[in-house]
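Asks: In our numbering, the protein residues as written are 0 to 402.
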């Protein structure tokens, strides 16, 4: 009976955190399907769009190292959550931007907000999910997160359609779900905030010593995997180039909606598979990461971009759930905030490189065969390193079984 009550409490905690992320995704994921098109409308090239996207992801992930360290040091997880979600306010402000430079700054601010909140959020999830399984907890959270990521682009696409492609109105209306987000976050803190301060205080200066070599090997594998995966912003940029002459920009958020619609079930499925099969399940998304850049660079119209979006959605779902869940297999709770910070910083380096490399490929109209060579070679190296990380996990388990 006591176990049932505790498990129910775990589910409530994960669901509340999922609802917060759901509302956040309605705002910023809703905008992300429109931002590449909006930047193009304001005069940005493919390289600029790729660079802004990559720099945003780099800042959004790399600075998690700092916020993760500070979160572990201060245990002020909820302070970082409120600051991070508060910076989502920069998205509705895009409606006031008159040049791509101002729009880029606002995009970067939102990414910094994500950097501020994510290590604390992931640590809170890992703390409150005991008894459920990390893969399942992160999978459920990501599924709810992706419900918002589907609703957001659908809302923005509808606004664009019925407003005659009015970018400014579409961004401004996102003020409404942002307000609901802050209210939901406040309620969640009041309901479960006390459950996240029960961890024993540990000297964070010793935390890095608890991070074993397999963690760093795994992080390197994920970084290379990300370098070889074309960002969604450039898939959408190419779609915008096709659709703008026909005044059909409202379709661009629907393509992003497709990505998010596939992301959600992929996240949930991969989370359950990870709990059963372990880290070796990640070999599949590493291999599938070859396909989005190849189909994007085929220059065969909207159909190839839709195919690229489908495969990208599958990989993204695993990245945002199981890649994160796997970090817990390499780390102790006391150093997990720092571990997520390091992991996400390296992840951001991958996004920055990917955005710049593929942005230049699009601007210079690189042949698809060269894209294929780059994608295959990058993912092959990443997969080999992933297998090394997997072997590193098995060694401690084997040594423990013999003692």
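Just so it is clear, CB atoms sit at the ideal spot from N, CA and C, and this is done for glycine as well.
My assumption, with CB atoms under 8 Å, is that residue 293 sits in contact with residue 367. Please give the rounded CB distance.
Replies: As a first step, residue 293 is located in the chain shown; it is residue number 294 there, counting from the start. As a first step, residue 367 is located in the chain shown; it is residue number 368 there, counting from the start. So it is a contact: roughly 6 Å between Cβ atoms.
Asks: When the distance is taken between beta carbons, is residue 268 closer than 9 Å to residue 67?
Replies: For the purposes of this step, residue 67 is taken as the residue at position 68 of the chain shown. For the purposes of this step, residue 268 is taken as the residue at position 269 of the chain shown. Not closer than 9 Å, so no.
Asks: Around the Cβ of residue 220, are there at least 16 other Cβ atoms within 10 angstroms (buried) or fewer (exposed)?
Replies: Translated into positions along the chain shown, residue 220 becomes position 221. The residue is buried, with at least 16 neighbouring Cβ atoms inside 10 Å.
Asks: To the nearest angstrom, report how far apart residue 213 and residue 388 are at their CA atoms.
Replies: Position 214 of the chain shown, counted from the start, is the residue given in the question as residue 213. Position 389 of the chain shown, counted from the start, is the residue given in the question as residue 388. Distance between the alpha carbons of residue 213 and residue 388: 5 Å.
Asks: Nearest to residue 325 by CA position, among 135, 226, 254, is which residue?
Replies: As a working mapping, residue 325 is identified with position 326 in the chain shown. When only C-alpha atoms are compared, the closest one is 135.
Asks: I'd like the list of long-range same chain contacts for residue 237, defined as Cβ closer than 7 Å, with 5 residues on each side in sequence excluded.
Replies: Translated into positions along the chain shown, residue 237 becomes position 238. Here the set comprises 295, 304, 361.
Asks: With 9 Å as the threshold, decide whether the Cβ of residue 349 is near any Cβ in chain C.
Replies: The structure shown contains no chain C; it holds only a single protein chain.
Asks: For residue 408 versus residue 228, is the C-beta spacing smaller than 9 Å?
Replies: The first residue shown for the chain is 0 and the last is 402, placing residue 408 beyond what the model contains.
Asks: List the endpoints of the continuous alpha helix (DSSP H) containing residue 363.
Replies: As a working note, residue 363 is residue 364 in the chain shown. No alpha helix (DSSP H) contains residue 363, which DSSP labels as neither H nor E.
Asks: Helix, strand or coil: which one does DSSP assign to residue 249?
Replies: Mapped onto the chain shown, residue 249 falls at position 250. Correct three-state label for residue 249: coil.
Asks: Out of curiosity, what's the CA-to-CA distance linking residue 27 and residue 179?
Replies: Walking along the chain shown from the start, residue 27 turns up at place 28. Walking along the chain shown from the start, residue 179 turns up at place 180. Computed Cα separation, rounded: 14 Å.
Asks: Thinking C-beta only, is residue 49 closer than 9 Å to residue 355?
Replies: Here the question's residue 355 lines up with position 356 in the chain shown. Here the question's residue 49 lines up with position 50 in the chain shown. Yes, Cβ-Cβ distance for residue 355 and residue 49 is below 9 Å.
Asks: Given a threshold of 16 other Cβ atoms within 10 Å of its Cβ, counted over all protein chains shown, does residue 43 qualify as buried or as exposed?
Replies: Against the chain shown, residue 43 aligns to sequence position 44. By the 10 Å Cβ count, residue 43 comes out buried.
Asks: In its own chain, which residues sit with a C-beta less than 6 Å from the C-beta of residue 349, not counting the 5 before and 5 after it?
Replies: Here residue 349 corresponds to residue number 350 of the chain shown, with the count starting at 1. Cβ neighbours of residue 349 beyond the five flanking positions: 222, 225, 226.
Asks: Who are the Cβ neighbours of residue 399 in its own chain at under 7 Å, not counting the five residues just before and after it?
Replies: Indexing the chain shown from 1 puts residue 399 at position 400. At residue 399 the pLDDT is 48, less than 50, meaning the model places this residue with poor confidence and gives no usable figure here.
Asks: According to DSSP, simplified to helix, strand and coil, what is residue 80?
Replies: Counting from 1 along the chain shown, the entry for residue 80 is found at position 81. Residue state, collapsed to three classes: helix.
Asks: Provide the residue span of the alpha helix (DSSP H) that contains residue 327, from first to last.
Replies: Translated into the one-based positions of the chain shown, residue 327 becomes position 328. First-last of the alpha helix (DSSP H) with residue 327: 323-329.
Asks: If you draw a straight line from the alpha carbon of residue 203 to that of residue 338, how long is it in whole angstroms?
Replies: If you number the chain shown from 1, residue 203 lands on position 204. If you number the chain shown from 1, residue 338 lands on position 339. Since pLDDT at residue 203 reaches only 49, below the 50 mark, its modelled position is unreliable, and no value is offered.
Asks: Thinking C-alpha only, which one of 12, 112, 72, 71 is nearest residue 88?
Replies: In the chain shown, residue 88 corresponds to position 89, counting from 1. Among 12, 112, 72, 71, the Cα nearest to that of residue 88 belongs to 112.
Asks: Kindly list the residues whose CB is nearer than 6 Å to the CB of residue 174, restricted to its own chain and excluding five residues on each side of it in sequence; keep chain order.
Replies: As a first step, residue 174 is located in the chain shown; it is residue number 175 there, counting from the start. 91, listed in sequence order.
Asks: Out of 184, 140, 124, 31, state which residue places its alpha-carbon closest to the alpha-carbon of residue 83.
Replies: Looking up residue 83 in the chain shown gives position 84. Answer by Cα proximity: 184.
Asks: Grab the span of the alpha helix (DSSP H) containing residue 224 for me, first residue to last.
Replies: Translated into the one-based positions of the chain shown, residue 224 becomes position 225. 212-226 is the extent of the alpha helix (DSSP H) around residue 224.
Asks: Excluding five sequence neighbours on each side, which residues of the same chain lie with their C-beta closer than 6 Å to the C-beta of residue 252?
Replies: Sequence index remark: in the chain shown, residue 252 carries index 253 (1-based). So the list reads 32, 33, 152, 155, 156, once near-sequence residues are dropped.
Asks: Helix, strand or coil for residue 201 per DSSP?
Replies: By 1-based counting over the chain shown, the position of residue 201 is 202. At residue 201, the pLDDT of 48 sits below 50, so the modelled position is not reliable; the number obtained from the coordinates is stated separately. In this structure, residue 201 counts as coil in the three-state DSSP scheme.
Asks: Kindly indicate which three-state DSSP category residue 31 falls into: helix, strand or coil?
Replies: Start at 1 with the first residue of the chain shown, and residue 31 comes out as number 32. Here residue 31 sits in helix by DSSP.
Asks: Please report the distance separating the alpha-carbon of residue 261 from that of residue 232.
Replies: Translated into the one-based positions of the chain shown, residue 261 becomes position 262. Translated into the one-based positions of the chain shown, residue 232 becomes position 233. Roughly 16 Å between the two C-alpha positions.
Asks: What's the gap between the Cα of residue 166 and the Cα of residue 346?
Replies: Counting from 1 along the chain shown, the entry for residue 166 is found at position 167. Counting from 1 along the chain shown, the entry for residue 346 is found at position 347. Spanning the two alpha carbons is a distance of roughly 30 Å.
Asks: Under the three-state reduction of DSSP, which class applies to residue 343: helix, strand or coil?
Replies: Translated into the one-based positions of the chain shown, residue 343 becomes position 344. Helix, per DSSP.
Asks: Is it buried or exposed, residue 0, if we count other Cβ atoms within 10 angstroms and call 16 or more buried?
Replies: Taking the first residue of the chain shown as position 1, residue 0 is located at position 1. Reliability of the predicted coordinates at residue 0 is poor, the pLDDT of 48 falling under 50, and the value obtained from them is presented with this limitation in mind. Exposed is the call here.
Asks: Taking the straight line between their C-alpha atoms, what separation do you get for residue 255 and residue 274?
Replies: Residue mapping note: residue 255 aligns to position 256 of the chain shown, counting from 1. Residue mapping note: residue 274 aligns to position 275 of the chain shown, counting from 1. Residue 255 and residue 274: Cα-Cα distance of roughly 29 Å.
Asks: Pick from 114, 312, 36: whose alpha carbon is nearest that of residue 247?
Replies: Sequence index remark: in the chain shown, residue 247 carries index 248 (1-based). Selected option, being the one with the closest Cα: 36.
Asks: Using beta-carbon positions only, say whether residue 16 and residue 191 come within less than 9 Å of one another.
Replies: Against the chain shown, residue 16 aligns to sequence position 17. Against the chain shown, residue 191 aligns to sequence position 192. Yes, the pair counts as a contact, with Cβ atoms nearer than the cut-off.
Asks: By a C-beta neighbour count over all protein chains shown, 10 Å radius and 16 as the cutoff for buried, is residue 110 buried or exposed?
Replies: For the purposes of this step, residue 110 is taken as residue 111 along the chain shown, with counting starting at 1. That one is buried.
Asks: Among residues of its own chain, excluding the 5 on either side of residue 176, which ones have a beta-carbon nearer than 7 Å to its beta-carbon?
Replies: Residue mapping note: residue 176 aligns to position 177 of the chain shown, counting from 1. Hits under 7 Å: 22, 25, 26.
Asks: Between residue 321 and residue 281, what straight-line distance do the alpha-carbon atoms span, to the nearest angstrom?
Replies: Locating residue 321 in the chain shown gives position 322, where the first residue counts as 1. Locating residue 281 in the chain shown gives position 282, where the first residue counts as 1. Answer to the nearest angstrom: the Cα atoms are 8 Å apart.
Asks: Select from 312, 334, 41, 102 the residue whose C-alpha is nearest the C-alpha of residue 243.
Replies: Locating residue 243 in the chain shown gives position 244, where the first residue counts as 1. Per the Cα distances, 41.
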